[in-house]
Each structure stands twice: as structure tokens, then as C-alpha cells.
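Report on the structure given below.
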Amino acid sequence: MNEHDLNKIIDTYTHSVAFAPNEVADNTLVASADEAIQPLLRRMLTRHLRPAIASAWALIYAGAWQPALDQLQLLNLADSPIAALAYARIATRNGYHLAAKEYLKFGIHAHRQSGQDINLAKFHGLLGELLLRQRLPEKALQHMQIAYQLTPRGHYSRQMQYSFIAMALARLEQPNLANEHYMRAFYLAVAKNDANGKQHALLRSAALSLFGDDEAMERAIALGQENNVTFSGIVEGYWNLLLLYRHWQQGSVNPEFIDKASRAFAKVAPLEHYYCSAISNSVVPSTKRTDQAATTNAAPRLIFFENENYPAAPDLLDLDALPIADIKNIPPITTVDDLQHMLSRFFI
Amino acid sequence: MKRLGIVGLGNQGREHIRGCLYSDSVKIVAGFDPSAEVKKSVAAAHPELLLVDQLSDLLDAKLGLDGLILALPHHIYQTVLPQLFEARIPLLKEKPLARTMDEARDFVADAKKHGCLLQTAIQRRTHPSYQFLKNLVATENILQVSLTMNLGFNRSPGNDSWREDKGKAGGGALLDCGYHMVDLALYLIGDFDLISSTVFQGGLPCHSQRMDDAFELIGRQGKTWVNIQSRIFNEPDSASPTGYPKFEETKITTENQILRANRLGVWQSGENGQPDKPLYQCEKDWNIAMARQLDTFANAIDQGLTLSPGSLWDQQPAQHLIQQAYQLAFNWHGGKV
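The listed protein sequences correspond, in order, to chains L and U. Counting from 29, one number per residue, gives the positions in the first sequence under the working numbering. Counting from 253, one number per residue, gives the positions in the second sequence under the working numbering.
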């Protein structure tokens with residue numbers, strides 16, 4: 029195998045694997061090879077080493093943010109730029125949006141150069157989420173469309189991408205067009221008997237109630253009953269907040285909905301958990317608050333991102349010109365409109 | 253020197269009249285416009301021009317015209333071009349190639365059938381600053397080309413201009429100013445694949461029955477990405493603190509530098525707060541660009557060509573991309589190009 033062939037293999041695989049540099053350095057096989065080939069061999073061997081990125085993602089899904097960061101810090105970002113996606117995800121979900129922006133810039137630049145479209149799609153999709161959370165739906169739509177176009181037909185993520193595009197459309201005053209996409213995602217999930225996909229699509233369709241569609245929740249309830257959909261986990265959390273909104277519109281604030289949402293978000297959605305605190309502190313008299321965690325009113329903290337030690341990357345998408353800011357202070361929620369305003373910032 | 257007539261004496265027609273003053277190859281000697289008011293205004297500014305009463309007067313052999321420049325509303329060409337093809341007079345038609353690819357194919361087929369030269373006029377690729385920019389980046393590894401244009405017009409309620417009528421114009425921002433920008437991108441880096449396209453009306457995504465007043469395209473050619481965005485109207489946007497003042501800029505990011513260009517020149521972006529370094533400066537107006545196009549037209553006439561350099565088929569990629577962009581924008585969850 030010559031250097032050209034080796035390069036070709038490396039380019040194909042290198043961006044989808046992780047490696048721990050200290051383990052590679054100890055490997056005697058690399059040390060005994062020609063100097064010219066050593067860097068390439070080192071990267072080839074990483075396929076057999078501990079998959080730090082996969083571990084990090086498992087920790088992210090479990091809401092173990094700091095342990096996930098500990099895993100990621102074993103990696104050399106220049107050699108494993110896909111790790112930037114995990115960093116950006118942790119930063120986004122914990123309110124460190126400036127950091128998320130920097131990791132997304134890095135990852136997009138790296139993957140444009142590598143031509144890894146699937147990974148590039150993931151970065152654009154996460155950037156879309158960030159921009160929605162920052163109330164920049166026009167820009168969000170663009171990046172979600174890029175993610176959609178870069179993903180091959182038949183890929184498992186296409187279904188979710190319809191929902192992501194719909195979220196941006198809903199915020200751009202296109203609830204009917206948004207619902208078209210939610211229904212497409214929903215029925216795709218029904219066809220595949222994908223319970224998770226069904227509840228995500230249905231919840232988002234129900235969330236159109238935040239954007240002026242007064243029948244959205246009733247439609248979602250009816251469809252849910254027809255198709256045996258139950259909400260669980262984080263989806264149940266959002267559903268309870270929608271119920272809070274609906275009941276408040278009708279004249280009453282029920283703290284039970286906030287408590288249920290807060291418990292659902294507690295580990296896996298720290299930003300949303302923080303929002304629940306703000307809602308609870310604003311609208312529920314202290315004597316009636318039942319979820320102790322919801323009264324702490326503390327924004328999520330991850331010291332790693334407060335160091336502002338970001339990877340360098342050109343700002344090809346002009347993200348620095350956008351008004352992106354960390355989520356630190358939640359304004360008080362005193363009216364149902366305040367609640368609608370906050371909820372429409374959630375990445376539902 | 254070629255003797256040319258001009259049909260359509262609006263803004264674009266007058267750009268051609270001014271441009272020909274900078275050309276040694278052509279002279280515009282006659283013109284026609286159906287508007288008496290427009291004719292009066294042009295007569296005052298250009299008393300040397302013979303202004304005729306009917307389009308067919310321009311085809312009179314006594315005038316001895318070598319070609320015609322056409323600067324008309326987009327929907328008019330369907331009725332005007334057939335008689336001009338019959339007359340086999342060389343034609344320089346203002347962009348776009350047509351409103352749609354099918355219309356473009358019909359025009360070209362008809363021109364070929366009559367052995368008639370049909371060339372499209374589009375200015376940016378012959379403007380000095382953009383030509384300088386292209387040469388500057390010829391050997392560079394380009395990461396991204398970003399083109400931005402805000403026309404800064406004010407919305408006028410009840411405006412019945414043909415440009416506001418989708419049936420007549422064929423499209424809004426994407427077909428109109430977008431055509432210039434897509435063509436410039438093609439000129440700078442060559443053909444590219446479309447990745448995403450969104451068109452807007454009044455700040456909101458719009459569908460095919462509506463007239464777009466803003467758009468944003470993303471494309472790529474290998475590892476070079478293209479971002480093109482434009483807005484017609486000047487109005488504030490809640491997401492942007494600065495609104496949309498009149499603005500045009502091409503920004504090229506390479507591995508080594510960032511270059512900015514507009515009609516006034518080319519600059520190398522300063523790093524770490526340093527000022528931009530001017531690399532080239534020129535006059536903003538289109539006179540040189542127009543003159544160069546007219547020279548190309550004259551040359552094509554001399555050579556008796558029907559498909560010339562800078563000819564209709566140079567415009568095919570731009571026309572095709574615009575059409576794809578509309579399809580992509582309007583076909584949310586089914587479209588993939």
C-alpha cells in the first residue's frame with residue numbers, strides 16, 4: 029500500500045473516528061514505521077482505540093455534561109473535528125451560545141474542506157437550532173435547509189429535518205406550511221412505527237398553538253389518540269409547558285404543569301430547566317411551589333466554556349455579525365404573552 | 253463603426269446610450285420607446301439621436317442599422333422578438349436571457365432558425381473592478397464567495413410597474429438582481445451546485461404565486477462555497493439592527509486573505525483592526541462595462557456569428573441556476589436538486 033492509498037483511506041475514515049493521543053503515542057507499531065508514514069499510520073490505528081466521541085455522546089444524551097466534556101478533552105480537535113459537534117451541542121443546551129457558535133464555525137469549516145456531507149449537515153442542523161434559540165428564524169431556516177439538502181435521501185435524519193424546517197417556518201409566521209412539514213414527519217414516523225419520531229412530530233405540531241394556531245393542541249391530542257402516541261421524557265416536559273400556556277390563556281396558572289416540566293428537563297435539558305425556574309419564580313407564589321429544584325433560579329454552569337478557549341476558524345457564515353449571546357438572565361414572566369415569548373424560544 | 257438602434261429608453265436603455273460614448277466600435281444613432289414622455293426626456297438629453305415613432309421604423313433599410321439593443325420589460329420580448337428575428341438584425345438583449353428556461357430555449361431556437369445573432373447584455377462581468385478581482389484570485393484556493401446586494405428601494409403602495417407583476421416580470425429579486433449576482437459568481441468561480449434557496453416577500457418566506465423581494469442562496473463548487481443574498485426594498489428588520497441600506501459587495505475568502513469588491517474597487521481586508529488596503533479603484537458607473545459589451549457585440553456582428561463570446565449561451569448556467577433556485581425555494585419538503 030503506498031502513501032496515496034493510505035491517504036485515501038485516511039480521508040475516508042479519519043473524520044468519523046476518535047482517538048486518544050496519549051494512547052497512540054505509546055504504540056510501538058507506529059514508532060517502528062518509516063518517519064514519513066508515521067502520521068498516517070497513527071491515524072489509521074485510531075480506529076481501534078477507545079471511541080471517546082461515542083462515549084461523549086452517550087453522556088450527553090444522559091445529561092452528564094461535565095463527564096462528556098472530560099471525554100472530549102482527550103481528543104485532538106484538529107484530528108477529530110467531528111468532536112466540535114459534541115462541544116457545540118453541550119454549549120447550546122447549556123446556554124453558552126457564543127461558545128457553540130465558535131465550535132460550529134470550526135466544524136463547518138473543517139467539514140467543508142473534508143467533503144463529509146453527512147457531518148456537515150449535522151453542523152448546519154445544530155447551527156439552525158442555535159439560531160432559533162437566538163430568535164433568528166430566517167437564518168435558522170437557511171441552515172436547516174442546507175442540512176436537509178446535504179443529507180442523502182432515505183437517511184434516518186430526514187424525518188427530523190422536516191420538523192426542524194417547520195420550527196423555523198412557524199417562527200416566520202407560516203404555521204400552515206410548518207404543519208405540512210410536521211404532518212409529513214409524523215406520518216413517516218407512523219409508517220416506520222417510530223414511537224420517538226411520532227411523539228416529537230406531534231408535540232411540535234401542538235406547539236403551533238404558540239404561533240396563533242388555536243386548534244393545534246386539539247388536533248395533536250386527537251392524532252395522538254388515534255395513533256397510540258404517549259409523551260415521555262423531554263417531550264413530556266414540553267407538553268406540560270404547552271398545557272401551562274393553554275390553561276393560562278383560559279385564566280388559570282397551574283403549578284403542577286411547571287413541576288412536571290421541570291422534572292422532565294432536570295438533567296437532560298438544563299436550559300429548559302432554568303426556564304422552568306424562571307417561570308415558577310415569576311408566576312407561582314412561593315407557598316405553592318412544590319419542586320425544590322425549580323426554585324434555585326440558577327443558570328447552567330460549565331466552567332469549560334467560561335474559559336473562552338475556542339478553536340480558530342474563519343467566519344465564513346458571518347456569524348460574528350449576528351446578535352448571538354449567552355443565555356444568562358431570563359426576564360420575569362408576568363403575563364401569558366411573556367410565557368408565549370419565552371416558550372417560542374424553546375427549541376420545540 | 254457599427255450603427256445601432258435601441259429599443260426601450262428607460263434606465264437601462266440610457267445606460268447603453270451613455271456606454272456607447274466610451275466605445276470605439278459602435279454608435280447608437282436611433283431609438284424607439286412607446287412612451288412619449290420618455291422620448292421627450294431622451295430627446296432633450298441626446299438630441300443627436302433619431303427617435304422613431306414605431307419599432308418597425310428601426311428596421312428600415314434606409315437607416316442602415318447594423319444591430320439593435322433591446323432594453324424592454326421582460327414580458328414584451330415574446331411579442332417583439334419574432335418580428336426582429338424575421339428581420340435578421342443582430343440583437344443585444346438586456347438580461348435576463350428570459351423569464352424561464354423554456355422561454356429561453358424558445359428564443360434561442362427561433363434565433364438560430366433565422367440565423368439571427370442574439371446576445372445578452374449583463375454588466376458586472378465586464379466591469380473593471382470585477383475583472384481585476386477575478387484575475388487576482390485566479391490561482392488562489394477560494395474557501396467562499398459571498399455576494400450581497402441591497403437595492404435600498406422604498407416600497408410604494410399601489411405601484412403598477414411591470415416589475416411588480418409576476419406574470420409580466422417572471423420573478424422578483426431572484427430573477428432581477430439575483431441574475432446579476434449569480435452571473436457574477438459564475439464569472440468568478442465557474443459553475444456551482446445549488447445547496448439551498450429561500451425567497452421572501454415582506455420578510456417572510458413566500459410561495460410561487462408571490463413576488464419575491466429578497467432571497468438567499470447557498471451553493472458550492474467542490475470545496476468553494478457560494479453565498480448570494482439580495483433585498484430590493486429598504487426597510488427595517490427585527491433581526492438586523494442596521495436595516496437594509498443600499499449596498500453591494502462581493503467578498504472572497506481564500507486561505508490567505510479576504511478580499512472585498514464593489515463597483516468602486518477591490519480591497520484586501522485588514523487584519524486585527526487594521527484598515528482595508530485598496531488594491532484597485534475605478535469609476536462606479538457602468539460606462540466601461542457597457543462599452544466592452546458593445547465592443548463584443550460589434551465584433552460578433554463583424555464575424556457574422558449567431559453564437560458569440562458573451563453570447564446567449566454564456567447565460568444558460570445563470571438562467572438554469574435561477575430556475576433551480578425558485579424550484580428549490582418553493583418545494584420545501586419534496587425538492588432536492
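We put the beta carbon where it would ideally sit given N, CA and C, even for glycine.
Give the DSSP-derived three-state secondary structure of residue i in the structure shown.
i, result
"U:P286", "coil"
"L:E336", "coil"
"U:F337", "helix"
"L:Y89", "helix"
"U:Q453", "strand"
"L:Y124", "coil"
"U:D428", "coil"
"L:D366", "helix"
"U:A466", "strand"
"L:L4", "Outside the modelled stretch of chain L, which goes from 29 to 376, sits residue 4 of chain L, for which no answer is possible."
"L:K356", "coil"
"L:L77", "Any reading at L:L77 must be qualified, since the residue scores a pLDDT of 44, below 50, and its modelled position is unreliable; the value itself is stated next. Correct three-state label for L:L77: coil."
"L:K133", "helix"
"U:T372", "strand"
"L:I361", "coil"
"L:A327", "coil"
"U:K345", "strand"
"U:A513", "strand"
Hey, could you find the ends of the alpha helix (DSSP H) residue i is sitting in?
i, result
"L:M188", "186-199"
"U:W538", "Premise fails: U:W538 is in no alpha helix (DSSP H) and is neither H nor E."
"L:K288", "283-293"
"U:F359", "353-365"
"L:G252", "244-254"
"L:V263", "261-277"
"L:N224", "223-234"
"L:Q177", "165-178"
"L:N204", "203-219"
"U:A581", "568-582"
"L:I146", "145-161"
"L:A349", "Element bounds for L:A349: n/a, residue is neither H nor E."
Just reading off the beta strand (DSSP E) that residue i is part of, what are its end residues?
i, result
"U:T506", "499-506"
"U:T590", "Nothing in the structure corresponds to residue 590 of chain U, since chain U is present only between 253 and 589."
"L:P313", "First-last for L:P313: undefined, no H or E at that position."
"U:S482", "476-485"
"U:N387", "First-last for U:N387: 380-388, but that is the alpha helix (DSSP H), not the beta strand (DSSP E)."
"U:V259", "254-259"
"U:Q533", "529-533"
Nearest-angstrom Cα distance between residue i and residue j?
i, j, result
"L:A234", "L:M245", "4 Å"
"L:A46", "L:A96", "Residue placement at L:A46 is flagged as unreliable, the pLDDT there being 44, under the threshold of 50; the coordinate-derived value follows with that caveat. Roughly 14 Å separates the two Cα atoms."
"L:I118", "L:A128", "8 Å"
"U:F467", "U:V332", "30 Å"
"U:L317", "U:P342", "9 Å"
"L:A223", "U:Y329", "56 Å"
"L:S310", "L:I358", "10 Å"
"L:L200", "L:E166", "7 Å"
"L:A289", "L:A306", "12 Å"
"U:R376", "U:S482", "15 Å"
"L:N282", "L:H275", "7 Å"
"U:L307", "L:D242", "59 Å"
"U:D465", "U:V451", "8 Å"
"U:T281", "U:E523", "For the sequence presented, residue 281 of chain U should be read as Val rather than Thr. Roughly 51 Å between the two C-alpha positions."
"L:L236", "L:A349", "30 Å"
"L:Q368", "L:L272", "10 Å"
"L:A198", "U:Q461", "20 Å"
"L:G182", "L:L344", "29 Å"
"L:F333", "U:F405", "43 Å"
"L:A138", "U:L385", "26 Å"
I'd like to check one pair, residue j with residue i: are the Cβ atoms closer than 9 Å?
i, j, result
"U:S398", "U:T505", "yes"
"U:L426", "U:A552", "no"
"U:Y578", "U:G455", "no"
"L:P298", "L:W93", "yes"
"U:S413", "U:A513", "no"
"U:S277", "U:L573", "no"
"L:M370", "L:I376", "no"
"L:Q173", "L:I193", "yes"
"L:L216", "L:Y190", "yes"
"U:L336", "U:L322", "yes"
Is it the case that the CB of residue i approaches a heavy atom of the ligand ADP more closely than 8 Å?
i, result
"U:G423", "As far as ligands go, the structure on display features none, and thus does not contain the ligand ADP."
**Study point:** Segments assigned alpha helix (DSSP H), at least 4 residues, entirely inside the segment 261-318 of chain U
**Key:** 263-272, 288-297
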